[in-house]
Amino acid sequence: MKDIKIIDLMMGIPASEDRSGWYEFIKPLILDEESRKMFEMPAQYMFRDIPQTGEQEDFVAYTIAQMDKHNIERAMVGLVEEQPEIQHAFKHHKDRFFFDYSPNPNLGMEEVRKIRRLKKEYDIKAVTAFPSGMCPQVPINDKKWYPIYATCVDLDIPFVCCVGVPGPRLPMEPQKVELIDEVCWFFPELKFVMRHGGEPWEELAVKLMLKYPNLYYSTSAFAPKHYPKAIIDYANSRGADKIMYAGYFPMGLSLDRIFRDMPEVPFKEDVWPKFLRENALRVFQLDN
């Protein structure tokens with residue numbers, strides 16, 4: 272592991288120590304009092320030690336220092352055009368960061384046009400989605416996603432999607448792993464990357480990866496000690512080219528925590544470079 276320059280497929284660049292604003296979009300869906308008023312982030316009950324960055328003079332430099340500490344060469348970050356830190360990272364650190372965009376499919380063709388613009392202007396490498404967090408919610412196989420799926424195929428970029436029971440106290444129906452089956456069937460050219468575990472349907476996730484060549488899995492939002500056994504077993508057998516590392520810094524996990532646990536994951540020796548780097552380079556076309 273120490274010799275592998277890691278690609279992290281889920282990272283954020285904070286703009287301040289207070290990151291509660293990151294979750295404003297989800298507030299209309301939150302109904303329980305604890306989630307509304309007490310949490311720093313809507314799934315805090317699952318993450319006991321939310322990373323505390325403190326106030327930093329330069330949050331981009333701070334993030335890069337955290338990456339360097341753990342041999343992370345590049346990280347995928349959500350593109351928020353109005354955030355100065357994101358603009359600085361794009362203009363001055365393209366060698367360290369690449370970007371994804373999370374559209375709202377309820378807005379129809381407006382988002383399709385924006386995806387195309389962002390690909391041209393920022394060379395976004397993926398479109399990301401949180402189906403249970405949309406307001407109103409949009410299930411993975413809903414027709415509202417179909418223009419976005421077609422756009423991803425046209426632009427040859429992956430669609431990266433939260434699957435499984437969501438951490439925030441929201442209905443899980445839009446993220447059932449079984450819904451991926453219809454999408455991969457109808458869009459065989461679409462590169463679909465699962466995010467956030469897929470639990471409790473991780474065995475179904477493996478079955479679908481065996482079925483569909485362009486379906487992948489990333490490990491975001493899970494400390495390595497909690498990676499599902501079905502995923503580890505799959506990576507060590509037929510799925511070495513399908514499983515990719517993604518963290519969750521600074522949203523819920525520190526890089527110190529992730530990489531303290533990481534050496535204990537029982538991947539075979541030949542799986543590590545694929546998991547930490549090579550699969551991401553290939554699927555996200557990071558050499559292009």
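In this note's numbering, each residue's number is its place in the sequence shown (first place is 1) plus 271. Ideal placement from N, C-alpha and C gives every residue a C-beta, glycine not left out. The structure displayed is predicted, hence computed values, not measured ones.
> Cβ of I411 within 7 Å of Cβ of P402?
Replying inline: For the purposes of this step, residue 411 is taken as residue 140 along the sequence shown, with counting starting at 1. For the purposes of this step, residue 402 is taken as residue 131 along the sequence shown, with counting starting at 1. A contact, by the Cβ cut-off of 7 Å.
> Which residue comes first and which comes last in the beta strand (DSSP E) that contains C432?
Replying inline: For the purposes of this step, residue 432 is taken as the residue at position 161 of the sequence shown. Residues F430 to C433.
>> Rounding to the nearest angstrom, what Cα-Cα distance links P442 and L302 in this structure?
In response: In the sequence shown, residue 442 corresponds to position 171, counting from 1. In the sequence shown, residue 302 corresponds to position 31, counting from 1. Spanning the two alpha carbons is a distance of roughly 11 Å.
> Along the chain, where does the beta strand (DSSP E) that runs through V464 open and close?
Replying inline: In the sequence shown, counting from the first residue as 1, residue 464 sits at position 193. Looking at the DSSP string, the run of the beta strand (DSSP E) that includes V464 is F463 to R466.
>> Tell me the rounded alpha-carbon separation between E295 and C406.
In response: Against the sequence shown, residue 295 aligns to sequence position 24. Against the sequence shown, residue 406 aligns to sequence position 135. C-alpha separation (whole angstroms): 11 Å.
> Assuming H561 contacts I335 under a Cβ cut-off of 8 Å, what Cβ separation, rounded to an integer in Å, is found between them?
Replying inline: Nothing can be reported for residue 561, as the shown portion of the chain is limited to 272 through 559.
> Who pairs with A397 in a beta bridge, going by DSSP?
Replying inline: Reading the sequence shown from its first residue, position 126 is the one you call residue 397. Looking at the DSSP assignment, A397 forms a beta bridge with D371.
>> Measuring only the C-alpha atoms, how far is I419 from R307?
In response: Here residue 419 corresponds to residue number 148 of the sequence shown, with the count starting at 1. Here residue 307 corresponds to residue number 36 of the sequence shown, with the count starting at 1. Roughly 31 Å separates the two Cα atoms.
> If you compare alpha carbons, which of L450, L378, M465 and Q408 is closest to A517?
Replying inline: As a first step, residue 517 is located in the sequence shown; it is residue number 246 there, counting from the start. Checked all of L450, L378, M465 and Q408; the closest Cα to A517 is M465.
>> Between which residues of its own chain and A400 is the CB-CB distance below 6 Å, once the five residues before and five after are set aside?
In response: For the purposes of this step, residue 400 is taken as the residue at position 129 of the sequence shown. Contacts found: C432.
> Which of helix, strand or coil does DSSP assign to A346?
Replying inline: On the sequence shown, residue 346 is found 75 positions in, with the first residue counted as 1. In the structure shown, A346 sits in a strand (DSSP, three-state: E or B).
> Hey, out of L280, G523 and L547, whose CA is closest to I321's CA?
Replying inline: Taking the first residue of the sequence shown as position 1, residue 321 is located at position 50. Ranking the options by Cα distance to I321, first place goes to G523.
> Which one of F493, D339, I297 and K539 has the shortest CA to CA distance from R509?
Replying inline: Reading the sequence shown from its first residue, position 238 is the one you call residue 509. That would be K539, whose Cα lies nearest to the Cα of R509.
>> In whole angstroms, give me the CA-to-CA distance for I529 and S491.
In response: The sequence position of residue 529 within the sequence shown is 258, counting from 1. The sequence position of residue 491 within the sequence shown is 220, counting from 1. Using only the alpha carbons, I get a separation of about 10 Å.
> Are E473 and P499 close, meaning C-beta to C-beta below 7 Å?
Replying inline: Walking along the sequence shown from the start, residue 473 turns up at place 202. Walking along the sequence shown from the start, residue 499 turns up at place 228. Taking 7 Å as the Cβ cut-off, E473 and P499 qualify as a contacting pair.
> Taking E449 as the reference, which of P439, K385, L486 and P285 has the closest Cα?
Replying inline: Start at 1 with the first residue of the sequence shown, and residue 449 comes out as number 178. With distances taken between Cα atoms, E449 lies closest to L486.
> Under a three-way DSSP split, which group does I529 fall into?
Replying inline: For the purposes of this step, residue 529 is taken as the residue at position 258 of the sequence shown. The answer is helix: DSSP assigns I529 an H, G or I state.
> If we count the other Cβ atoms within 10 Å of its Cβ and call it buried at 16 or more, is K447 buried or exposed?
Replying inline: Position 176 of the sequence shown, counting from 1, holds the residue named residue 447. Classification for K447: buried.
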